[in-house]
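Numbering (the UniProt record's numbering), first residue to last: 1 to 734.
Glycine residues also receive a C-beta, built at the ideal position from the N, C-alpha and C atoms.
Please read the structure below before turning to the comments.
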Amino acid sequence: MWGVWGKCGLCLRTKHTFYPTDKPSLCPQPPVLQTKVQIMNTLLLPPPSATTTRFLRHHYIPHPPLSTTSFKHSPLRSSVTSLSLSEDDVITQDDGFSPYSNRRYDFSPLLQFLSTSTSSSGDGDSTELQLAESYRSVPASLWHYLLKTLASSSSSPASISTTYALVDWLHRHNLCFSYEFLYSILIHSLGGSEMLYEAFLLSQKQTLAPLTYNVLIGACARNDDLEKAVILMNKMRAEGYQSDYMNYSLIIQSLVRNNQIDSGLLEKLYDEMISDAIELDVQLLNDVVLGFIKAGDVDRAMHFLGVIQGNGLTAKTSTVVSVISLLGSLGRAEEAEAVFEEIGDGGLRPRTRAYNAVLKAYVNNGGLRDAEWIVNEMERNGVLPDEYTYSLLIEAYGNAGRWESARIVLKEMEANDVKPSSYVFSRILVGYRDRGEWQRLFQVLKEMQNCGVKPDRQFYNVMIDTFGKYNCLDNALAVLERMRDEGIEPDTVTWNTLIDCHCKSGHHDKAEELFDEMQQRGCSPCVATYNIMINSFGEQERWEGVRGLLRKMKIHGLQPNAITYTTLVDIYGRSGRFMDATECLEDMKFAGLKPTSTIYNALINAYAQRGLSEEALNAFRIMRSDGLKPSNLALNALINAFCEDRRDVEAFAILRSMKENDLKPDVVTYTTLMKALIRVEKFDEVPGVYEEMILSGCTPDRKSRAKLRSALKYMRQRLKSEFHSTKPLTRANY
DNA sequence: TTAGGGTTAG
Numbered sequence: 001m002w003g004v005w006g007k008c009g010l011c012l013r014t015k016h017t018f019y020p021t022d023k024p025s026l027c028p029q030p031p032v033l034q035t036k037v038q039i040m041n042t043l044l045l046p047p048p049s050a051t052t053t054r055f056l057r058h059h060y061i062p063h064p065p066l067s068t069t070s071f072k073h074s075p076l077r078s079s080v081t082s083l084s085l086s087e088d089d090v091i092t093q094d095d096g097f098s099p100y101s102n103r104r105y106d107f108s109p110l111l112q113f114l115s116t117s118t119s120s121s122g123d124g125d126s127t128e129l130q131l132a133e134s135y136r137s138v139p140a141s142l143w144h145y146l147l148k149t150l151a152s153s154s155s156s157p158a159s160i161s162t163t164y165a166l167v168d169w170l171h172r173h174n175l176c177f178s179y180e181f182l183y184s185i186l187i188h189s190l191g192g193s194e195m196l197y198e199a200f201l202l203s204q205k206q207t208l209a210p211l212t213y214n215v216l217i218g219a220c221a222r223n224d225d226l227e228k229a230v231i232l233m234n235k236m237r238a239e240g241y242q243s244d245y246m247n248y249s250l251i252i253q254s255l256v257r258n259n260q261i262d263s264g265l266l267e268k269l270y271d272e273m274i275s276d277a278i279e280l281d282v283q284l285l286n287d288v289v290l291g292f293i294k295a296g297d298v299d300r301a302m303h304f305l306g307v308i309q310g311n312g313l314t315a316k317t318s319t320v321v322s323v324i325s326l327l328g329s330l331g332r333a334e335e336a337e338a339v340f341e342e343i344g345d346g347g348l349r350p351r352t353r354a355y356n357a358v359l360k361a362y363v364n365n366g367g368l369r370d371a372e373w374i375v376n377e378m379e380r381n382g383v384l385p386d387e388y389t390y391s392l393l394i395e396a397y398g399n400a401g402r403w404e405s406a407r408i409v410l411k412e413m414e415a416n417d418v419k420p421s422s423y424v425f426s427r428i429l430v431g432y433r434d435r436g437e438w439q440r441l442f443q444v445l446k447e448m449q450n451c452g453v454k455p456d457r458q459f460y461n462v463m464i465d466t467f468g469k470y471n472c473l474d475n476a477l478a479v480l481e482r483m484r485d486e487g488i489e490p491d492t493v494t495w496n497t498l499i500d501c502h503c504k505s506g507h508h509d510k511a512e513e514l515f516d517e518m519q520q521r522g523c524s525p526c527v528a529t530y531n532i533m534i535n536s537f538g539e540q541e542r543w544e545g546v547r548g549l550l551r552k553m554k555i556h557g558l559q560p561n562a563i564t565y566t567t568l569v570d571i572y573g574r575s576g577r578f579m580d581a582t583e584c585l586e587d588m589k590f591a592g593l594k595p596t597s598t599i600y601n602a603l604i605n606a607y608a609q610r611g612l613s614e615e616a617l618n619a620f621r622i623m624r625s626d627g628l629k630p631s632n633l634a635l636n637a638l639i640n641a642f643c644e645d646r647r648d649v650e651a652f653a654i655l656r657s658m659k660e661n662d663l664k665p666d667v668v669t670y671t672t673l674m675k676a677l678i679r680v681e682k683f684d685e686v687p688g689v690y691e692e693m694i695l696s697g698c699t700p701d702r703k704s705r706a707k708l709r710s711a712l713k714y715m716r717q718r719l720k721s722e723f724h725s726t727k728p729l730t731r732a733n734y
């Protein structure tokens with residue numbers, strides 16, 4: 001058994017797990033572990049000071065070839081390596097031995113020899129043997145370090161081949177044990193320096209042992225080449241070797257780094273770990289939790305947090321905080337608080353970060369009192385609020401419309417020497433925008449000025465969006481100018497916001513102009529930009545233009561996303577181009593994207609508008625078979641389809657099935673049903689539906705009241721016409 | 001250790 005609390009000889013990571021020898025490890029370690037500091041120490045000769053000499057005598061006796069010429073100054077350095085083993089490097093490692101002499105082993109003759117001779121020679125010529133003899137006393141750890149340094153600084157094929165020749169040479173002269181370990185060092189270092197290809201080539205020169213596999217997989221994962229990593233893992237498994245737990249950690253980390261993680265993928269990885277009988281240590285479980293957090297799957301994240309605790313281990317505080325933070329963003333304050341409490345239960349004192357995470361939960365949940373309480377708790381426990389804490393509190397007051405309280409918090413920040421950032425003001429502005437109080441924008445600007453805070457790009461973006469949403473296009477454009485005047489370059493969000501608000505107000509020409517200007521100014525459109533433009537062209541029924549945009553985005557390496565496909569289905573569907581619409585849905589599936597309920601809603605809605613109830617029903621069925629739950633949106637669209645097709649019986653059948661399946665019909669459901677009745681002239685049944693709507697707890701809105709009124713009007717008209725049509729008859733009778 | 005946290009498209 002080895003490696004407990006030691007450092008990995010390859011990646012210098014501290015190994016925390018208790019690891020039996022029969023298990024292969026990604027971080028292979030020699031029987032005698034050397035830390036980086038130790039290795040660096042042995043590279044240098046001690047000064048003639050009493051203490052160090054005594055110490056070093058016990059370790060190794062300096063032996064020729066020695067040189068006072070630093071390797072750093074060797075002419076080889078530039079061609080072979082940038083090995084930097086200066087005094088400064090070593091002293092900063094803090095080992096207690098100083099001052100250092102500049103004397104050290106001189107590897108220049110060896111490297112010179114290796115770079116000029118062919119590695120396969122092995123002819124035992126006298127120079128080579130002499131050379132081998134002269135280096136015999138160099139300890140293994142030193143060779144490892146040299147190799148590592150050379151490999152990680154290799155940048156040209158020539159220097160790599162010299163490094164490779166060194167391994168060969170060491171092996172040939174029995175100078176360093178474990179050929180495989182030397183290779184592993186090489187692969188690891190090459191992988192670490194993003195030279196995965198070279199690592200691959202090297203690995204192909206010998207049969208792969210578990211150690212090499214693990215190192216190679218690790219190198220792939222570190223370089224985000226997961227395809228190769230997975231291939232190697234499968235190959236390894238097929239050959240009967242067990243993959244190391246670290247590989248899984250590295251793969252998850254890579255997925256997280258690159259935003260490529262999703263819940264299903266992570267679950268698959270986890271199943272693999274289980275079937276591989278991987279030892280789930282706390283570090284790996286932490287990565288699993290963080291993976292699920294990044295994937296937005298808070299339930300699974302909490303499950304694995306529970307697994308950590310269930311195993312009697314303690315999750316990293318940062319992991320726990322991430323869980324609270326995600327719960328907070330989802331407005332799940334109670335659970336956030338529960339997880340927060342667990343920090344304290346674990347004997348740790350929550351710090352600002354943890355408090356902020358739970359505070360965010362309350363703010364998103366509208367719990368102003370709880371938010372105030374948690375800030376008081378912080379103060380009571382001597383935890384200092386920071387800029388983020390205050391920002392969240394201000395946002396909470398802003399959401400509650402308590403601008404005065406928010407101002408008091410601003411003053412408190414000032415008193416505590418905490419400067420507010422542009423962020424908090426952008427949040428306030430968003431609050432005003434969404435509540436229709438957009439004119440408060442000017443007040444916010446003034447407040448910022450008072451606090452000496454300059455609006456940043458994101459704030460200006462919100463400003464443009466606010467003006468845009470309230471149709472003040474000139475003001476929106478003026479903000480663009482102001483940004484430029486202040487030296488803030490507009491980004492894609494700025495342009496997208498501007499373009500979109502022009503589209504929404506029907507100014508498609510100006511939108512297109514801005515789309516061109518954006519590119520002229522060197523800002524590359526992103527997928528969102530294309531989606532906005534596709535929507536704009538679709539509204540104008542410029543179908544060739546739509547296809548052109550799709551081509552252009554693909555040329556620029558942008559893949560259509562779920563929103564692109566939904567936009568396409570929507571615009572094609574609205575104009576009755578159902579073939580094109582359904583084709584887009586197929587394309588989406590073909591591209592490997594999971595159709596969302598939104599895309600089906602767009603399709604069902606398109607059929608419904610034209611009274612194509614059979615087609616709408618069919619789309620609804622496909623949606624169900626894709627495993628998507630029917631939402632009120634889809635069901636209401638379906639009711640509307642039956643309504644437009646004058647199939648009121650089927651429309652009411654949907655209502656029944658909604659009730660049976662515990663789906664609560666809403667105002668739109670009832671209003672659409674009333675419309676269905678009016679379509680088939682069953683006016684007298686409308687008031688009953690209206691009454692049922694109120695009884696079921698729905699608040700009638702303008703549209704539902706209008707439907708009732710028009711039904712009553714028709715009823716009166718009918719009565720009147722009946723009266724008139726019967727009148728002559730009576731008169732005649734009379 | 002720092003960052004955390006904001007804005008756009010269906």
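- Can you tell me whether DSSP reads V569 as helix, strand or coil? In the structure shown, V569 sits in a helix (DSSP, three-state: H, G or I).
- Item | Option in L255, L269 and S249 with minimal Cα separation from V282 | The shortest C-alpha to C-alpha distance from V282 to any of L255, L269 and S249 is the one to S249.
- Message: Can you tell me whether Y241 is helix, strand or coil according to DSSP?
- Response: Three-state result, Y241: coil.
- Message: Short of 6 Å in beta carbon distance, which residues of its chain neighbour Y572, apart from the five on each side in sequence? Order them along the chain.
- Response: Excluding residues within five positions, the ones whose Cβ falls inside 6 Å are D580 and A581.
- Unbroken alpha helix (DSSP H) run spanning E412, endpoints: Start and end: W403 to A415.
- Going by alpha carbons, who is nearest to L255 out of N223, K360 and K235? Here the closest residue by C-alpha is N223.
- Rounded to the nearest angstrom, how far is the Cβ of L638 from that of F620, given a contact under 8 Å? Taking the Cβ atoms as the reference, L638 lies roughly 5 Å from F620, within the contact range of under 8 Å.
- Task: Could you spell out where the alpha helix (DSSP H) holding W543 opens and where it closes?
- Result: Following the DSSP letters along the chain, one finds W543 inside the alpha helix (DSSP H) bounded by residues W543 to I555.
- Message: Taking the alpha carbon of K552 as the reference point, which residue from Q519, V569 and D570 has its own alpha carbon closest?
- Response: Looking at the Cα atoms, Q519 is the closest of the given residues.
- Task: Would you identify the three-state DSSP class for V418, choosing helix, strand or coil?
- Result: Residue state, collapsed to three classes: coil.
- Task: Check each candidate in K469, K148, L129 and L677 and name the one with the smallest Cα separation from D648.
- Result: Cα-wise, what sits closest to D648 is L677.
- Return the CA-CA distance between S303 and N286, expressed in angstroms with no decimal places. Correcting the residue type first, residue 303 is His in the shown sequence and not Ser. Across the structure, H303 and N286 are spaced so that their CA atoms are roughly 12 Å apart.
- Within its chain, find whatever has a CB closer than 8 Å to the CB of D276; leave out the 5 residues flanking it on each side and keep chain order. Cβ within range, chain order: R237, Q242 and S243.
- Along the chain, where does the alpha helix (DSSP H) that runs through H502 open and close? Boundaries of the alpha helix (DSSP H) around H502: T492 to K504.
- Taking S597 as the reference, give the member of N605, F590 and A591 with the closest Cα. It is N605 whose Cα lies nearest to the Cα of S597.
- Where E489 falls: helix, strand or coil (DSSP): Note: E489 maps to coil in three-state DSSP.
- Quick one, which of E691, H173, L280 and N640 has its alpha-carbon nearest R679's? For the residues E691, H173, L280 and N640, the minimum Cα distance to R679 belongs to N640.
- Item | Close-in-space but distant-in-sequence residues of the same chain around T352 (CB under 6 Å, 5 per side omitted) | Contacts found: V383 and D386.
- Item | Other residues of its chain near E427: CB distance less than 6 Å, five sequence neighbours each side excluded | Here residue 427 turns out to be Arg, not Glu, going by the sequence shown. The residues are E395.
- Message: Just to confirm before moving on: does the CB-CB distance between residue 736 and V288 stay below 8 Å?
- Response: Examination of residue 736 is not possible in this model, given that the chain is present from 1 through 734 alone.
- Close beta carbons around A209, own chain, < 8 Å, minus the five adjacent residues each side: Excluding positions up to five away in sequence, the list reads E180.
- Query: Between the C-alpha atoms of N311 and V323, what's the straight-line distance to the nearest angstrom?
  - Reply: Approximately 18 Å, taken between the alpha carbons.
- Task: Look at A336 and A361 and say whether their C-beta atoms are less than 8 Å apart.
- Result: Taking C-beta atoms as the reference points, A336 and A361 count as a pair closer than 8 Å.
- What whole-angstrom Cβ distance do A333 and I343 have, given they're in contact under 8 Å? About 16 Å separates the beta carbons of A333 and I343, which is beyond the 8 Å limit, so they are not a contact pair.
- Item | Rounded separation between S575 and S263 - CA only | Cα to Cα, the separation comes out at about 37 Å.
- Query: Going straight from the alpha carbon of R433 to that of D500, what length do you get?
  - Reply: For R433 and D500, the distance between alpha carbons rounds to 16 Å.
- Quick one: is G538 buried, meaning 16 or more other Cβ sit within 10 Å of its Cβ, or exposed? Within 10 angstroms of the beta-carbon of G538 lie 16 or more other beta-carbons, which makes it buried.
- Message: Can you give me the C-alpha to C-alpha distance between G291 and E227, rounded to a whole angstrom?
- Response: Roughly 18 Å separates the two Cα atoms.
- Query: Which two residues bound the contiguous alpha helix (DSSP H) that contains L514?
  - Reply: For L514, the uninterrupted alpha helix (DSSP H) segment begins and ends at H508 to Q520.
- Query: Secondary structure at H303, three-state DSSP: helix, strand or coil?
  - Reply: Three-state DSSP puts H303 in a helix.
- Message: DSSP three-state label for R136, please.
- Response: In the structure shown, R136 falls within a coil segment according to DSSP collapsed to helix, strand and coil.
- Query: Do N461 and C503 have their CB atoms nearer than 8 Å?
  - Reply: Against a cut-off of 8 Å, the Cβ pair of C503 and N461 comes out as no contact.
- Would you call N214 buried or exposed, if buried means 16 or more other Cβ atoms sit within 10 Å of its Cβ? Classification of N214: buried, given that the 10 Å Cβ count is 16 or more.
- Note down the Cα distance separating Y607 from R349, rounded to an integer number of angstroms. When rounded, the distance between both Cα atoms is 58 Å.
- Item | V527 to N258 span [Cα, whole Å] | Note on geometry: alpha-carbon atoms of V527 and N258 lie some 17 Å from one another.
- Item | Cβ-based burial, H724 [other Cβ within 10 Å; buried from 16] | H724 sits exposed, since fewer than 16 C-beta atoms from the chains shown fall within 10 Å of its C-beta.
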